[in-house]
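2 protein chains.
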Amino acid sequence: MKTYRNTKVLITGGLGFIGSRLAHALVKQGAEVTLVDSLIPQYGGNPFNIEGIRDKVTVNVCDVRDPFAMAYLLMDKDFLFNLAGQTSHIDSMANPQTDLDINAAAQLSILEACRKANSGIKIVFASTRQLYGKPEYLPVDEKHPIRPVDVNGINKLAGEWYHLLYNKVYGIRACALRLTNTYGPGMRVKDARQTFLGIWVRLLLEGKPIKVFGDGLQLRDFNYVDDCVDALLLAGASDAANGKVYNLGSTEVVGLKKLAEVMIELGYGGTFELVPFPPERKAIDIGDYYSDFSLITQELGWQPKVGLREGLQKTMVYYHAHRHHYWDEEA
Amino acid sequence: MKTYRNTKVLITGGLGFIGSRLAHALVKQGAEVTLVDSLIPQYGGNPFNIEGIRDKVTVNVCDVRDPFAMAYLLMDKDFLFNLAGQTSHIDSMANPQTDLDINAAAQLSILEACRKANSGIKIVFASTRQLYGKPEYLPVDEKHPIRPVDVNGINKLAGEWYHLLYNKVYGIRACALRLTNTYGPGMRVKDARQTFLGIWVRLLLEGKPIKVFGDGLQLRDFNYVDDCVDALLLAGASDAANGKVYNLGSTEVVGLKKLAEVMIELGYGGTFELVPFPPERKAIDIGDYYSDFSLITQELGWQPKVGLREGLQKTMVYYHAHRHHYWDEEA
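Just so you know, the protein sequences line up as chains A and B, in that order. Okay, so the first sequence: first residue is 747 according to this note's numbering, each after it adds one. Okay, so the second sequence: first residue is 747 according to this note's numbering, each after it adds one.
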């Protein structure tokens, strides 16, 4: 893709899972990449995620809640991939104001900074399928009602809609991708704070049993991180995307028990057990979910390319090799 | 209604248009009423609105953005009528962070205070038809897609959904009414900051022409303030309302040009003129709107009782008598 060659790109959450993988892709395409990350220990940032491109990117450690830093960093950029967020649903209930500050207020201040000093920027915002809540029908398309089940969902929705509003009212080109479960090298595996798949990887590699909640029949779709990065790049490159929201997703829909079985078959050993839902998880469980992503296929030509087994294999290979960069064996 | 007798009631925005009228009704029903109002000059609060019940209510001047004051005031209340809000759509675009602080962040902190110290409280939240944006179909029922057209709409939505979420997850009884255009004694008439009907009243009484934007054929529904107060009281009294959202509305649907004609016919003189939309208004204009309010009729037995002409007449009589409490003739 020639779109990004010699352009200035800012990625918030740039040391995080998806942001860092996107940085790798953009460096390869000849972009001048700046990564913003707060490196809050509980969140997704990990400097090891940019191993191999450390000297080819600019790392700026700061928080998206810092309006002055963000205004400065945004001033001369051609693209903003706006991926920073508080992603823990449990945390959003325990500390709702923090979630609001990051997922809503900081987004608004980023957009205000663009409006005032760089209205020519193109923004791609990483949103989430969590906005749909418990599906009314499957697969879930972009017309599905919005029903967030937690504070995080409400704030992410506000953050997403600010982007669409600034596109509409001020012509600041912006679009949003509603990501489904994304997995792959670079995700937080220390615990379940970013994705349950993270802790599954760690437990498998430690030879401990995976816990599958409930009957394990809940259906999910998964995207390998490189497919997600492809979608971000396509959305950034296309003016047809401006003002739009697109679901990501996969045609491989799988139950969580089956997923655990597949991961165990990959040859790193391990077992799983079915355990009852913890009450705070049950309260926000959404049952089955998988998306209809035909809109982004039609409009931007995106399709996931990496099969689930292949993606999981790559993931296990990565963490088998680099586990000491992702968790402390003593902890 | 016996529900409110000897109960402790807090009204945010209590010196404002609807809050003060609600206070009158609650005092009459024997409630012990505390009014919170920031008295920010640009907003709706006006001490004259509680003329006649001044010594029967407690007035606490503070801002809903003050979490300590709010936590203290909420501690011992049986009911919260949560009416305070930033309502100017124009302001929400000019100062989006302020709008977020009042309409979203403060709401979250009010709910957190209830969760921590008074989870037995019943809350009625004043929401707005603005959440629906430009209608896809008419009349607009509660299932209509949510499409806010400005920062205010996005933040009001977040504020509304926090209430429903806290009802669902924590069992804090809360419901929301989506108000349509409400008018009557006590509304801000100094300018168009609260409702365009306000400035119309002032202009008529000053013998100046009313400005109707566009062709004047835009349809709207209107509720007289006492009907709105009835709905708030019914929603507060009914546990069937918990976790629900209800539209208010009217069967009298009228074009704005026609409305201007009716107001002029009331006998206070005046004229109107059709003028082109100011650009910042046009950007957020929603075309025709009127609601389907059958849900609240079925579930809570609410129906508007005051006809448009009768309500407008009462309104003009009130401002004719009390104009000097609502605007400075020199300004």
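Quick reminder that beta carbons are idealized off the backbone N, C-alpha and C, glycines included.
- For the pair B:Glu888 and B:Val991, the Cα-to-Cα distance works out to about 7 Å.
- Within the region 843-868 of chain B, Gln843, Leu846, Ala850, Ala851, Leu854, Ser855, Glu858 place their CB atoms closer than 7 Å to a CB of chain A, listed in sequence order.
- Scanning its chain for C-beta atoms nearer than 7 Å, with the 5 sequence neighbours on each side dropped, one finds around A:Ser766 the residues Gly760, Asn795, Ile796, Gly932, in chain order.
- Counted as a single uninterrupted DSSP element, the stretch harbouring A:Glu778 is not any alpha helix (DSSP H) but the beta strand (DSSP E) occupying residues 778-783.
- With respect to chain A, the C-beta atom of B:Asp812 has no partner C-beta closer than 9 Å.
- Contact between A:Val755 and A:Ala777 holds: CB atoms are separated by about 5 Å, below the 8 Å threshold.
- Of the candidates A:Thr833, A:Asn901, A:Leu951, the residue whose Cα lies closest to the Cα of A:His1068 is A:Leu951.
- Cβ atoms of A:Lys868 and A:Phe814 stay farther apart than 8 Å, at about 23 Å.
- Between A:Asp967 and A:Val915, the gap from beta carbon to beta carbon reaches 9 Å or more.
- Per the C-alpha coordinates, the member of B:Lys954, B:Val803, B:Gly1013 positioned closest to B:Lys1060 is B:Gly1013.
- Of all residues in the region 870-888 of chain A, none has a C-beta nearer than 9 Å to a C-beta of chain B.
- Note on geometry: alpha-carbon atoms of B:Leu911 and B:Gly917 lie some 9 Å from one another.
- With its beta carbon less than 9 Å from one in chain A, B:Asn901 belongs to the interface.
- In this structure, B:Gln853 places its C-beta atom within 9 Å of the C-beta atom of B:Phe871.
- For B:Val991, no chain A residue has a C-beta closer than 8 Å to its own C-beta; the minimum C-beta separation is roughly 12 Å.
- B:Met1062 has a beta carbon lying at 9 Å or more from every beta carbon in chain A.
- Taken through DSSP and simplified to helix, strand or coil, A:Arg800 comes out as helix.
- CA-CA distance, A:Asn864 to B:Ile892, rounds to 29 Å.
- For B:Trp946, no chain A residue has a C-beta closer than 9 Å to its own C-beta; the minimum C-beta separation is roughly 26 Å.
- In the structure shown, B:Ser1037 falls within a strand segment according to DSSP collapsed to helix, strand and coil.
- Cβ neighbours of B:His1066 within its own chain (closer than 8 Å, five residues either side excluded): Leu951, Tyr1014.
- B:Gln1049 has its alpha-carbon roughly 32 Å from the corresponding atom of B:Leu846.
- Using a C-beta cut-off of 8 Å, the region 969-983 of chain B makes contact with the region 922-931 of chain B, since at least three inter-stretch Cβ pairs fall below that distance.
- About 7 Å separates the beta carbons of A:Ile945 and A:Val935, which is inside the 8 Å limit, making them a contact pair.
- B:Tyr878 has its alpha-carbon roughly 19 Å from the corresponding atom of A:Asn913.
- For B:Glu1019, the pairing in a beta bridge is given by DSSP as B:Lys957.
- Among the residues of the region 909-926 of chain B, those with a Cβ less than 7 Å away from any Cβ of chain A are Leu911, Val915, in the order of the chain.
- With 16 or more other Cβ atoms from the protein chains shown falling within 10 Å of its own Cβ, B:Asn993 counts as buried.
- Distance between B:Ala920 and B:Lys1028, taken at the CA atoms: about 35 Å.
- At a cut-off of 9 Å, the C-beta of B:Asp1031 has no neighbouring C-beta in chain A.
- In the DSSP annotation of this structure, B:Ser834 is not part of any beta strand (DSSP E), being labelled neither H nor E.
- In terms of beta-carbon proximity, B:Trp1048 stays away from the interface with chain A, with every pair separated by 9 Å or more.
- Collapsing the DSSP output to three states places A:Lys902 in a helix.
- Looking at B:Thr874, B:Gly1057, B:Met821, the one whose alpha-carbon comes closest to that of B:Ala859 is B:Met821.
- The beta-bridge partner set that DSSP reports for A:Asn927 consists of A:Phe968.
- Beta-carbon to beta-carbon, B:Leu965 and B:Gly1001 are separated by about 6 Å, close enough to satisfy the 8 Å threshold.
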